[in-house]
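Comments concern the structure below.
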Amino acid sequence: MLKPLDILLVGVGGQGTILATRVLAEAAGASGYDIKVSEIKGMAQRGGSVVTQVRLGERVYSPIISRGGADVILAFEKMEAMRWLPFLKADGDIIINNQSIAPVPVLTGAAVYPADCLEKVRGAVPSTVVVDALDIAIKCGNPKAANVVLMGILAKKLPIEKETWLSALRARVPQKFIDVNLQAFEEGYLLG
883 MLKPLDILLV GVGGQGTILA TRVLAEAAGA SGYDIKVSEI KGMAQRGGSV
933 VTQVRLGERV YSPIISRGGA DVILAFEKME AMRWLPFLKA DGDIIINNQS
983 IAPVPVLTGA AVYPADCLEK VRGAVPSTVV VDALDIAIKC GNPKAANVVL
1033 MGILAKKLPI EKETWLSALR ARVPQKFIDV NLQAFEEGYL LG
């Protein structure tokens, strides 16, 4: 029997949240899970919030994760982690990319980016994992692979075989970027 899992992926347009969701769904499907996915893209092309809800299990009927229902939040950006924290279960895991991307209201001066995002999340979830995924991706050869570094960390927390993840990456990432992404995944997996 496959244990049900609810995973929330949150970030900003351009960070690869959708690709990460597709890799997760591919790996989970290959592992026998029934999968339901809901994508919410709020002005994603302009740096807006991107949220995907992924529900895995023996049989899943709805893609929507309720408040307090996520087993894992994978946050590609710090403020998005703080914004979606109420959706995490009391004993859930949160993995955060230590990156700040100012939304449009901050860029226009209508709002201020909260300086204490990580402190607020750590205050609520002491086991918070924070990683400089962008720095790791740059060392791997492509800053856009930060999403795959985070996927490597997530992979260690889920009951899906490593080779299944690697196959999913090969199926979803364009061939010309596969080597960098495989290396980025390995780096994240080692951190997980």
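Residue numbers for the sequence shown, in the working numbering: 883 to 1074. The beta-carbon is built from N, C-alpha and C at its ideal position, and this holds for glycine as well.
Checklist line | For Ile1086, the three-state DSSP class (helix, strand or coil) | finding: Residue 1086 lies beyond the stretch modelled for the chain, which goes from 883 to 1074, so this question has no answer here.
Checklist line | Closest residue to Lys1026 among Ala1053, Gln1065, Val988, Leu989 (Cα-Cα distance) | finding: Sequence index remark: in the sequence shown, residue 1026 carries index 144 (1-based). Among Ala1053, Gln1065, Val988, Leu989, the Cα nearest to that of Lys1026 belongs to Gln1065.
Margin query: I'd like to confirm the pairing. Which residues does DSSP put opposite Lys918 in its beta bridges?
Written below: Position 36 of the sequence shown, counted from the start, is the residue given in the question as residue 918. Beta-bridge pairing links Lys918 to Arg937.
Item checked: Pick from Ala992, Asn1063, Leu906, Trp1047 that is closest to Ala1015, judged by C-alpha positions -> As a first step, residue 1015 is located in the sequence shown; it is residue number 133 there, counting from the start. The option with the nearest alpha carbon to Ala1015 is Asn1063.
Next item on the list: Could you round the C-beta distance between Val1012 and Ile1035 to whole angstroms and report it? I think they count as a contact, below 8 Å.
Entry: By one-based count along the sequence shown, residue 1012 stands at place 130. By one-based count along the sequence shown, residue 1035 stands at place 153. That belief does not hold up - the Cβ atoms of Val1012 and Ile1035 are roughly 10 Å apart, past 8 Å.
Next item on the list: Determine the DSSP secondary structure at Asp998, reduced to helix, strand or coil.
Entry: The residue given as residue 998 occupies position 116 in the sequence shown. Reduced to three states, the DSSP call for Asp998 is coil.
Note to self: Measuring straight from C-alpha to C-alpha, what distance separates Pro968 and Met883?
What the structure shows: In the sequence shown, counting from the first residue as 1, residue 968 sits at position 86. In the sequence shown, counting from the first residue as 1, residue 883 sits at position 1. Taking the straight line from one Cα to the other gives about 28 Å.
Margin query: If I follow the unbroken beta strand (DSSP E) through Lys971, where does it start and stop?
Written below: Sequence index remark: in the sequence shown, residue 971 carries index 89 (1-based). Run containing Lys971: 970-979, per the beta strand (DSSP E) assignment.
Checklist line | Cα-Cα separation, Val988 to Glu1001 | finding: As a first step, residue 988 is located in the sequence shown; it is residue number 106 there, counting from the start. As a first step, residue 1001 is located in the sequence shown; it is residue number 119 there, counting from the start. Distance between the alpha carbons of Val988 and Glu1001 is about 20 Å.
Next item on the list: Return the CA-CA distance between Asn1024 and Leu1072, expressed in angstroms with no decimal places.
Entry: Here residue 1024 is taken as the residue at index 142 of the sequence shown, counted from 1. Here residue 1072 is taken as the residue at index 190 of the sequence shown, counted from 1. C-alpha separation (whole angstroms): 18 Å.
Check: What are the boundary residues of the beta strand (DSSP E) that Ile889 is part of?
Finding: Taking the first residue of the sequence shown as 1, we reach residue 889 at position 7. 887-894 is the span of the beta strand (DSSP E), which, as asked, contains Ile889.
Check: Roughly how many angstroms separate the alpha carbons of Thr1010 and Ser913, rounded to a whole number?
Finding: Translated into positions along the sequence shown, residue 1010 becomes position 128. Translated into positions along the sequence shown, residue 913 becomes position 31. Between Thr1010 and Ser913, the C-alpha separation is close to 27 Å.
Item checked: The beta strand (DSSP E) enclosing Leu1016, as first and last residue numbers -> The residue given as residue 1016 occupies position 134 in the sequence shown. Leu1016 -> not in any beta strand (DSSP E); alpha helix (DSSP H) instead, spanning 1015-1022.
Next item on the list: Label Val986 either buried or exposed according to how many other C-beta atoms from any shown protein chain fall within 10 Å of its C-beta, with 16 as the threshold for buried.
Entry: Position 104 of the sequence shown, counted from the start, is the residue given in the question as residue 986. Val986 is exposed by the Cβ-count criterion.
Next item on the list: For Pro913, name the three-state secondary structure that DSSP assigns.
Entry: Here residue 913 corresponds to residue number 31 of the sequence shown, with the count starting at 1. Checking the sequence, you will find Ser at residue 913 rather than Pro. Ser913 falls in the coil class under three-state DSSP.
Next item on the list: Look up Leu989 in the DSSP assignment and give the residues it is bridged to.
Entry: Locating residue 989 in the sequence shown gives position 107, where the first residue counts as 1. Leu989 pairs with nothing; no bridge assigned.
Next item on the list: Go ahead and pull the three-state DSSP assignment for Ile955.
Entry: In the sequence shown, the residue the question calls residue 955 occupies position 73. DSSP places Ile955 within a strand segment (E or B) once states are collapsed to three.
Next item on the list: Taking all protein chains shown into account, decide if Ala926 is buried (16 or more other Cβ within 10 angstroms of its Cβ) or exposed.
Entry: Here the question's residue 926 lines up with position 44 in the sequence shown. The predicted model places Ala926 with a pLDDT of 48, which falls under 50 and marks its position as unreliable; any figure quoted below should be read in that light. It is buried - the Cβ of Ala926 has at least 16 other Cβ atoms within 10 Å.
Next item on the list: Drop a sphere of 10 angstroms on the beta-carbon of Ala902, count the other beta-carbons inside from all chains shown, and report buried for 16 or more, exposed for fewer.
Entry: Residue 902 sits at position 20 when you count from the first residue of the sequence shown. Looking at its Cβ environment, which holds 16 or more other Cβ atoms inside 10 Å, Ala902 is buried.
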